[in-house]
Amino acid sequence: MTSLGAASPDHPAASIQSMLAPLEISKDYGVALFAAEPDVMNPIAISVDEVGRVYLAETDRYRDAVFDVVTQKPEWLPKDLSFRSVQDRTDFLKQTFRHHLTPLTRGSERVRLLEDNDRDGAAESSRVLADGFSSIPTGPAAGILAHHGRVWFQCVPGLWRLEWDPESHAVNSAQELHDGFGVHVGVSGHDLHGITWGPEGRLYFSMGDRGLHVKTSEKTLHYPDTGAVLRCEPDGSNLEVVAHGLRNPQEIVFDAYGNLFAGDNDTSGNDQSRIIHIVPHGDYGWRCSYQHMKGFGPWIEDGFWKGDIDDILSSSGYVSQGPSGFALHPEAGSRNNIPGPFFICDFPGGIRSFDLSPKGASFTTSDNRKWLWNLWPTDLAFGPDGAVYVSDWVEGWPQPEKGRVYRITANDEASAILGTDVRSVIASLNAMGSPEQVAEFLGHPNRWVRREAQFRLVDLGAVSERVLFDTLNQEASVFGRLHALWGLNQMGRSIGASDQSRHVRAAQTGLADSHEAVRNATLQWLAEKPQWKLFPDVMQCLQDANQSVVLNALITLGEWLSDKRPSWNKSQIEQLITSLEHLIEKAPLKGDSHYRHGFHFLLSQCFQHPQAEWEILNGWMDHESESIRMAVLQALRRMGDAQVTLFLGDDSHAIQESAVRAIYDARIDEALPSLIKWKPSNQVNSGAFRRWLWAHEMVGGDDEMVKLFAFLIE
Numbered sequence: 004m005t006s007l008g009a010a011s012p013d014h015p016a017a018s019i020q021s022m023l024a025p026l027e028i029s030k031d032y033g034v035a036l037f038a039a040e041p042d043v044m045n046p047i048a049i050s051v052d053e054v055g056r057v058y059l060a061e062t063d064r065y066r067d068a069v070f071d072v073v074t075q076k077p078e079w080l081p082k083d084l085s086f087r088s089v090q091d092r093t094d095f096l097k098q099t100f101r102h103h104l105t106p107l108t109r110g111s112e113r114v115r116l117l118e119d120n121d122r123d124g125a126a127e128s129s130r131v132l133a134d135g136f137s138s139i140p141t142g143p144a145a146g147i148l149a150h151h152g153r154v155w156f157q158c159v160p161g162l163w164r165l166e167w168d169p170e171s172h173a174v175n176s177a178q179e180l181h182d183g184f185g186v187h188v189g190v191s192g193h194d195l196h197g198i199t200w201g202p203e204g205r206l207y208f209s210m211g212d213r214g215l216h217v218k219t220s221e222k223t224l225h226y227p228d229t230g231a232v233l234r235c236e237p238d239g240s241n242l243e244v245v246a247h248g249l250r251n252p253q254e255i256v257f258d259a260y261g262n263l264f265a266g267d268n269d270t271s272g273n274d275q276s277r278i279i280h281i282v283p284h285g286d287y288g289w290r291c292s293y294q295h296m297k298g299f300g301p302w303i304e305d306g307f308w309k310g311d312i313d314d315i316l317s318s319s320g321y322v323s324q325g326p327s328g329f330a331l332h333p334e335a336g337s338r339n340n341i342p343g344p345f346f347i348c349d350f351p352g353g354i355r356s357f358d359l360s361p362k363g364a365s366f367t368t369s370d371n372r373k374w375l376w377n378l379w380p381t382d383l384a385f386g387p388d389g390a391v392y393v394s395d396w397v398e399g400w401p402q403p404e405k406g407r408v409y410r411i412t413a414n415d416e417a418s419a420i421l422g423t424d425v426r427s428v429i430a431s432l433n434a435m436g437s438p439e440q441v442a443e444f445l446g447h448p449n450r451w452v453r454r455e456a457q458f459r460l461v462d463l464g465a466v467s468e469r470v471l472f473d474t475l476n477q478e479a480s481v482f483g484r485l486h487a488l489w490g491l492n493q494m495g496r497s498i499g500a501s502d503q504s505r506h507v508r509a510a511q512t513g514l515a516d517s518h519e520a521v522r523n524a525t526l527q528w529l530a531e532k533p534q535w536k537l538f539p540d541v542m543q544c545l546q547d548a549n550q551s552v553v554l555n556a557l558i559t560l561g562e563w564l565s566d567k568r569p570s571w572n573k574s575q576i577e578q579l580i581t582s583l584e585h586l587i588e589k590a591p592l593k594g595d596s597h598y599r600h601g602f603h604f605l606l607s608q609c610f611q612h613p614q615a616e617w618e619i620l621n622g623w624m625d626h627e628s629e630s631i632r633m634a635v636l637q638a639l640r641r642m643g644d645a646q647v648t649l650f651l652g653d654d655s656h657a658i659q660e661s662a663v664r665a666i667y668d669a670r671i672d673e674a675l676p677s678l679i680k681w682k683p684s685n686q687v688n689s690g691a692f693r694r695w696l697w698a699h700e701m702v703g704g705d706d707e708m709v710k711l712f713a714f715l716i717e
């Protein structure tokens with residue numbers, strides 16, 4: 004390991020060496036101290052902007068004015084589990100501390116800015132860009148993203164957008180885009196975090212199992228008892244939940260092809276932390292009540308944490324015991340001689356690198372290894388200067404009142420293995436006024452450059468549209484074609500499409516592309532904006548040799564059905580159902596849960612569509628194929644439909660057990676009386692048997708309890 008660092012009055016050379024000495028990393032890399040206490044304090048998240056400025060989300064309230072019902076306040080648990088909104092939690096805290104409210108408002112969460120203006124590898128400027136985040140329900144600050152003079156700051160209960168002047172360092176505006184995150188006191192650290200750019204120009208972020216109850220002008224997002232991944236436009240509009248059922252997905256990351264992943268923390272029980280492939284409408288199985296059950300309840304007993312049961316999606320594998328910060332090498336996919344290309348903070352311990360390989364419709368982890376070790380890393384970020392920046396908590400679980408940021412670079416013998424310095428390229432393209440010039444960078448080997456080029460083209464407006472179409476049709480690089488598609492999606496949402504027929508032709512081109520990532524990106528675009536002329540093309544994707552393309556086609560068709568408008572005709576519905584029947588019959592009951600998830604989602608939309616072919620679909624409830632019956636059951640569960648009771652008498656014990664879980668776990672109240680009338684055989688598993696007993700406690704009267712005892716005696 005090579006250790007570098009610039010000495011200062013606060014950090015003399017000997018002090019710097021003592022901070023760096025414990026760190027372990029390959030001799031191919033050098034580690035420098037970029038900044039340390041008192042210039043950094045309790046850092047949780049880090050972001051680097053397009054010119055190389057470093058931003059931190061820091062906490063001063065964690066485990067002080069922000070509590071934990073497991074380690075600090077177990078007596079609060081019954082009340083805490085009853086909360087349905089942040090206001091419920093706030094009212095409880097006010098009442099509990101009514102004689103002394105001061106502890107609830109002490110300390111403030113912060114946005115800190117670090118600048119290395121002389122480019123010597125160490126920050127010479129540290130300033131608090133924004134603070135005052137200290138209201139009763141606030142904290143901790145756990146997510147940050149900076150771009151072109153704007154900073155998105157995640158601090159329970161809100162998502163904030165700050166706009167600041169790089170010359171004066173003045174914050175000109177601070178707008179809370181959304182609030183309502185952090186319903187429960189819950190487990191500390193299970194917060195609002197992970198904000199990152201989606202490939203199509205939206206913001207994506209995660210919320211831990213402290214839950215959310217967020218009201219927008221259009222709807223209410225009510226997921227109070229589980230974690231989720233969400234997305235919205237940069238101005239906060241069109242907020243939606245992408246997937247749920249997560250415990251604490253500290254950070255999320257997109258790969259170079261637009262696939263989304265999260266690192267979800269375990270319970271410290273007999274489960275493992277998970278690398279999760281996030282897909283729309285996915286449920287990954289966790290509910291916060293499991294935390295407080297003996298042995299973590301069905302999470303362990305029924306194996307929910309493993310997934311591939313009911314409609315719970317499987318993980319891609321295990322790489323770390325405490326996943327925190329998560330990042331992708333900016334030149335992933337462009338070069339073979341790079342580490343990773345995924346890097347994840349393993350808190351506490353260090354940073355691991357690993358890879359993900361396609362497996363069916365999802366992925367599996369591989370090549371997991373230690374990269375940087377012997378620290379308490381909360382987050383990491385690749386900068387446009389070819390360096391990796393790591394925020395270090397330093398020590399312990401309470402606030403350490405310390406903090407470090409390390410800058411890791413490649414040594415000469417490992418030339419540019421962490422990526423090249425592209426700051427001058429980014430500055431140049433952001434000054435260009437010609438779409439044709441900017442478009443030349445869409446296929447650049449470095450994602451920093453590709454994304455900036457895409458965003459610049461969108462900023463230039465409608466004059467860029469033709470250039471994006473031309474790139475999609477003519478670009479040899481798969482990344483150029485992808486960013487052209489993502490740019491068209493982004494532009495269509497921001498300024499609208501000037502030529503619908505051209506958009507149809509672009510989608511046709513994308514669906515016929517030789518690379519599955521381009522086909523997938525096109526289907527994801529079409530899921531948001533149906534083009535009925537392309538129905539045959541999307542249906543053809545159901546026969547694609549790549550299962551990820553089939554999955555995206557299923558989700559796209561489901562989204563089109565969810566529109567509920569009479570755009571579908573009877574012939575299309577029949578064609579869809581016929582294709583779906585053949586696909587499900589060939590799919591196994593176990594393995595590749597992501598693939599089957601597509602069936603379940605599409606079927607649930609088929610059942611709810613006004614033109615649904617009920618005669619055909621109802622016939623599937625006693626279909627000879629167990630796979631089809633199970634798919635129908637999962638679709639009905641997603642809908643909360645009491646017809647799930649029809650499967651309590653199925654010949655398959657697996658389907659009976661799944662029906663019991665559907666009724667009890669999804670709380671289909673109308674079906675509970677049928678559940679207590681069901682008589683479990685000796686072949687059903689203990690989980691189904693327990694739910695049957697608990698259902699009697701919930702809704703059973705005296706007669707039902709007498710029958711229960713008689714049955715048990717027999």
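Last residue of the sequence shown? That's 717 in my numbering, and every number before it is there in order.
Just so it is clear, CB atoms sit at the ideal spot from N, CA and C, and this is done for glycine as well.
Every value quoted in this text rests on a predicted model; they were computed, and no experiment measured them.
Use the C-beta contact count for residue i: other C-beta atoms within 10 angstroms, 16 or more gives buried, fewer gives exposed.
i, result
"T368", "buried"
"G142", "buried"
"A548", "exposed"
"W697", "exposed"
"P252", "buried"
"G728", "Residue numbering for the chain in the displayed model covers 4 to 717; residue 728 lies beyond these limits and cannot be assessed."
"M210", "buried"
"G8", "Residue confidence is low: G8 scores 43 on pLDDT, short of 50, so the model does not pin down where it sits. No coordinate-derived value is stated."
"L554", "buried"
"T223", "exposed"
"W528", "buried"
"M633", "buried"
"D168", "exposed"
"Q477", "exposed"
"D654", "exposed"
Tell me the DSSP bridge mates of residue i?
i, result
"R496", "Partner(s): none; R496 has no beta bridge."
"I147", "F156"
"H196", "S209"
"H216", "H225"
"S129", "L117"
"P69", "Position check: residue 69 holds Val in this sequence, whereas Pro was assumed. BP columns for V69 point to Y65."
"D382", "S394"
"L421", "In DSSP, L421 forms no bridge with anything."
At what residues does the alpha helix (DSSP H) containing residue i begin and finish?
i, result
"E236", "Element bounds for E236: n/a, residue is neither H nor E."
"W617", "W617 to G622"
"G33", "Segment Y32 to A39 is the beta strand (DSSP E) holding G33; no alpha helix (DSSP H) there."
"Q550", "Q550 to S565"
"Q511", "Q503 to L514"
"H181", "Segment V174 to D182 is the beta strand (DSSP E) holding H181; no alpha helix (DSSP H) there."
"A634", "E629 to M642"
"S431", "R426 to N433"
"S85", "L80 to S85"
"G601", "S596 to Q611"
Identify the continuous beta strand (DSSP E) that holds residue i and give its terminal residues.
i, result
"H280", "R277 to I281"
"Q253", "P252 to F257"
"G352", "G352 to K362"
"M210", "L206 to M210"
"A590", "Premise fails: A590 is in no beta strand (DSSP E) and is neither H nor E."
"A390", "No beta strand (DSSP E) holds A390; DSSP gives it neither H nor E."
"W2", "This structure gives no information on residue 2, because the portion of the chain shown stretches from 4 to 717."
"F100", "Here F100 belongs to no beta strand (DSSP E), and DSSP marks it neither H nor E."
"P326", "P326 to L331"
Could you check how far apart the C-beta atoms of residue i and residue j are, in whole angstroms? I think they sit under 8 Å.
i, j, result
"R164", "D194", "About 18 Å; that fails the 8 Å criterion."
"C544", "A530", "At roughly 12 Å, the Cβ-Cβ gap does not stay under 8 Å, so C544 and A530 are not in contact."
"R338", "P202", "Actually they are not in contact, since the Cβ atoms of R338 and P202 sit about 19 Å apart, beyond 8 Å."
"I411", "L463", "No, I411 and L463 are not in contact; Cβ-Cβ is about 35 Å, not under 8 Å."
"Q550", "Y598", "5 Å"
"L249", "A231", "6 Å"
Using a Cβ cut-off of 8 Å (strictly closer), state whether residue i contacts chain B.
i, result
"D395", "The chain inventory of the structure shown lacks chain B, comprising one protein chain alone."
Alpha helix (DSSP H) runs contained entirely in the region 645-689, provided each spans 4 or more residues: 656-668 and 675-680
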